[in-house]
Amino acid sequence: MVKWNKFHVIYGGFFMSANRFLAILLSMVMLCSVFVSCGDKPLADIPTQTLLSEVLAHFGGNENVSIYDSDAAEGDEHYLEPGLAGQIFLGEYGASLTEDGVIAEFAHAIPSALFAFEIDIFKAADAASADKIAAMLETRYEIKAALRTQIEHYLGEDPGAGNEIKALEQMEIWQIGNYVLLLATHDNTGAKNVVLSLLDAGFAVESASVSHISEPDAETEAQTVPELTDPVAQAAEDGFSLTVTTHSAPTRVVLGGRCAVGAKIHIEGGIRDYVFGTDYTSWMVEVDIKETGESLLKIRQELDGKLSVPLTVEVGKNNAADLSHHGDFVPSMGDHFQGFFRQQLGDWMGTNLLSEKEKQGVAKAIEDKMKFCAFQGIELIYMVIPNQCLLYPEIMLEDRFPRSDKDETLLDQFTEIAEAAGATVLDVYSVFEEHKYDEFKLFHKTDSHWTEYGAYWGYHTLMTEVAKKFPDAAPLAIEGNMRFFTKEVESGDMMTYFGVPNHLVPETATFMEWLIDCPNRIDFYKPNRCENENSEISKSRVVNNPNAAGKNLPRVMLIRDSYSFGIHSFINQSFSTVYWNYTWDYQFKKTDIKKADVDYLVYLISEKNMRSILY
57 MVKWNKFHVI
67 YGGFFMSANR
77 FLAILLSMVM
87 LCSVFVSCGD
97 KPLADIPTQT
107 LLSEVLAHFG
117 GNENVSIYDS
127 DAAEGDEHYL
137 EPGLAGQIFL
147 GEYGASLTED
157 GVIAEFAHAI
167 PSALFAFEID
177 IFKAADAASA
187 DKIAAMLETR
197 YEIKAALRTQ
207 IEHYLGEDPG
217 AGNEIKALEQ
227 MEIWQIGNYV
237 LLLATHDNTG
247 AKNVVLSLLD
257 AGFAVESASV
267 SHISEPDAET
277 EAQTVPELTD
287 PVAQAAEDGF
297 SLTVTTHSAP
307 TRVVLGGRCA
317 VGAKIHIEGG
327 IRDYVFGTDY
337 TSWMVEVDIK
347 ETGESLLKIR
357 QELDGKLSVP
367 LTVEVGKNNA
377 ADLSHHGDFV
387 PSMGDHFQGF
397 FRQQLGDWMG
407 TNLLSEKEKQ
417 GVAKAIEDKM
427 KFCAFQGIEL
437 IYMVIPNQCL
447 LYPEIMLEDR
457 FPRSDKDETL
467 LDQFTEIAEA
477 AGATVLDVYS
487 VFEEHKYDEF
497 KLFHKTDSHW
507 TEYGAYWGYH
517 TLMTEVAKKF
527 PDAAPLAIEG
537 NMRFFTKEVE
547 SGDMMTYFGV
557 PNHLVPETAT
567 FMEWLIDCPN
577 RIDFYKPNRC
587 ENENSEISKS
597 RVVNNPNAAG
607 KNLPRVMLIR
617 DSYSFGIHSF
627 INQSFSTVYW
637 NYTWDYQFKK
647 TDIKKADVDY
657 LVYLISEKNM
667 RSILY
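Residue numbering for the sequence shown follows the numbering used here, beginning at 57 and increasing consecutively.
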């Protein structure tokens with residue numbers, strides 16, 4: 057008799073309210089015992105590396121995973137550092153997975169970047185140890201679930217995206233004998249049968265649907281937020297119109313449209329009166345309405361001290377309006393037509409500061425990296441791009457999102473720790489402060505990324521530092537090398553998250569063209585839109601600079617998020633060789649870094665993603 061001990065099925069519903077999703081995370085593991093008769097013969101003793109190799113072969117291999125195994129020696133590309141293991145499986149750098157003697161061996165296929173596909177195979181010392189490993193693995197789902205909205209967004213156009221999402225939904229912890237597997241694939245049944253065949257178990261499993269802990273009700277099942285009115289432009293004087301009316305929460309409404317240049321928007325009838333700034337000929341706002349009854353909103357344009365005839369819309373509470381399934385990417389509209397993701401609120405409100413224990417973990421992780429980099433002759437640089445809300449505090453409605461009264465931010469804490477360890481942390485904030493009201497925008501208004509003008513000043517900051525050792529790498533001047541300009545296009549990714557068609561509220565955005573030969577430039581905007589496209593730029597690749605001849609230019613590797621899209625062509629112009637890690641793959645891979653033989657290792661990341669690179 058072979059027993060599948062504690063067969064775990066874990067499920068996270070897609071379009072759930074925040075309360076429902078939290079409740080599921082707190083009680084997400086269903087336990088059931090499955091007994092299958094297969095005679096008295098014991099399971100074959102197969103190395104975990106062999107099991108993993110054969111399971112991956114079942115899927116035709118997978119180029120988006122990093123392979124780790126317990127037989128790999130330190131320094132080998134397949135070696136899993138204890139600190140990284142703790143971060144991957146328990147969310148804490150350096151945390152011990154189990155006590156000594158529990159894990160006999162392991163082999164893992166851990167996703168690079170934000171892919172859901174994952175296979176982790178452990179062999180336990182005994183049955184009791186297998187139970188301990190399974191209990192430890194339950195934490196892994198919570199860690200991956202926190203990234204689910206990023207997986208949805210950034211893989212949305214990938215041919216395999218549907219399978220990636222399905223893999224996350226069907227994540228299972230599976231025990232057979234002393235083997236414990238975490239399976240996050242689009243064919244867990246096939247993976248299990250490969251393992252059962254290799255173990256000579258004498259039976260196979262049939263495909264079965266994943267059990268749901270709870271079904272979403274009709275209120276939360278809708279994938280789009282219902283509109284309050286038909287979004288047809290309502291003509292009004294002086295080019296003033298209303299093209300968007302939709303709920304972003306049960307008692308919060310998003311309104312937007314066209315306006316005159318320099319106009320202000322007055323709104324009465326909500327829980328209070330509002331006055332908002334605009335941008336060029338577009339406006340968009342988010343207002344709170346009454347909990348009960350109908351709110352008659354009166355919307356006026358103020359121009360040259362005169363108020364227009366009001367446009368009116370009657371709205372009430374809509375319990376079905378819920379954007380919480382976007383997680384960190386729940387959008388908000390601040391003042392002056394500036395959108396941002398809720399991901400920034402931890403920095404704004406001071407809720408994401410490091411505890412003393414976390415500070416110690418971060419310090420240890422950076423010290424380890426510094427020791428490795430110093431031995432390899434590499435300079436470690438952190439380049440953190442500011443949050444819009446902290447650079448432009450005037451966009452924030454403080455009655456909705458109170459500002460932190462703390463005297464430091466997460467970036468301040470990190471900078472102190474990293475510099476104490478000997479790393480370089482670039483002061484991008486000071487540079488952006490100097491240019492934040494320039495003619496050209498540093499950030500898009502309706503997209504979550506910086507413009508190429510903002511990217512230029514980030515690049516300028518980095519290359520000014522690099523030029524201290526490599527004068528030929530000094531940043532290119534704007535004049536004669538590039539031209540910045542503004543153009544009205546469709547809005548960016550925040551409209552997608554609001555559920556608003558991008559063409560309804562256009563943005564006058566900042567763009568750039570090169571005036572010199574730039575052979576390694578890749579276009580990354582969606583056509584006629586200020587939204588980044590998940591293009592070739594996101595992939596791991598090596599770029600050699602043909603313009604480096606006759607110059608003493610350094611080599612660099614970048615660990616990065618999607619802010620690297622805007623700076624991509626600048627970086628390629630100023631280094632001899634550039635190693636672009638896969639976007640959102642934040643792992644510190646010593647073997648890859650050593651093989652690249654670079655002069656600089658640069659973490660290029662937005663402030664809102666800071667916690668992804670702490671360890």
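Glycine included, each C-beta is placed from N, C-alpha and C at the ideal position.
Cβ contact annotation for residue 105 (same chain, cutoff 6 Å, sequence separation greater than five): 125 and 163, in chain order. In the DSSP annotation of this structure, the continuous segment of the beta strand (DSSP E) that includes residue 320 starts and ends at 320–324.
Shortest Cα-Cα distance from residue 188 to any of 167, 199, 560 and 156 involves 156.
Each of 450, 555, 512 and 153 was checked against the Cα of residue 392, and the nearest Cα belongs to 450. According to the DSSP assignment, residue 196 belongs to the alpha helix (DSSP H) that extends over 183–201. Residues of the same chain with a CB within less than 6 Å of the CB of residue 630, apart from the 5 flanking positions on each side, are 519 and 529 in chain order. Listed in chain order, the beta strand (DSSP E) elements of length 3 or more contained wholly in the stretch 529–568 are 538–545.
Note that the C-beta distance between residue 150 and residue 139 is below 8 Å.
Inter-residue distance for residue 457 and residue 579 is about 36 Å (C-alpha atoms, whole angstroms). Scanning its chain for C-beta atoms nearer than 8 Å, with the 5 sequence neighbours on each side dropped, one finds around residue 534 the residues 512 and 540, in chain order. For residue 599, the uninterrupted beta strand (DSSP E) segment begins and ends at 597–600. Distance from residue 355 to residue 619 at the Cβ level is roughly 35 Å; contact not present, criterion being Cβ atoms closer than 8 Å. With contacts defined by Cβ atoms closer than 8 Å, residue 171 and residue 225 do not form a contacting pair. Checking the DSSP bridge columns, you'll see residue 314 partnered with 338.
A straight line joining the alpha-carbon of residue 143 with that of residue 303 spans about 38 Å. When only Cα atoms are considered, residue 117 and residue 244 end up about 15 Å apart. Comparing C-alpha distances from residue 347 to each of 341, 326 and 359 shows the shortest one belongs to 326.
Rounded to the nearest whole angstrom, the C-alpha separation of residue 448 and residue 460 is 15 Å. Contact check for residue 537 against residue 593 fails: the beta carbons are separated by 8 Å or more.
Buried is the label assigned to residue 364, since at least 16 other Cβ atoms lie within 10 Å of its Cβ. Between the beta-carbon of residue 313 and that of residue 300 there is about 6 Å, and that keeps the pair under the 8 Å contact cut. Just so you know, the alpha carbons of residue 99 and residue 233 end up roughly 7 Å apart. The C-alpha of residue 501 lies about 43 Å from the C-alpha of residue 112. Taking a 10 Å sphere around the C-beta of residue 218, we find fewer than 16 other C-beta atoms and assign the residue as exposed. Residue 523 is not a Cβ neighbour of residue 542, given a cutoff of 8 Å. A contact between stretches requires three or more CB pairs, one per stretch, nearer than 8 Å, and the stretch 406–421 fails this requirement with the stretch 481–501.
The Cβ atoms of residue 389 and residue 340 lie closer than 8 Å to each other. When only Cα atoms are considered, residue 551 and residue 586 end up about 11 Å apart.
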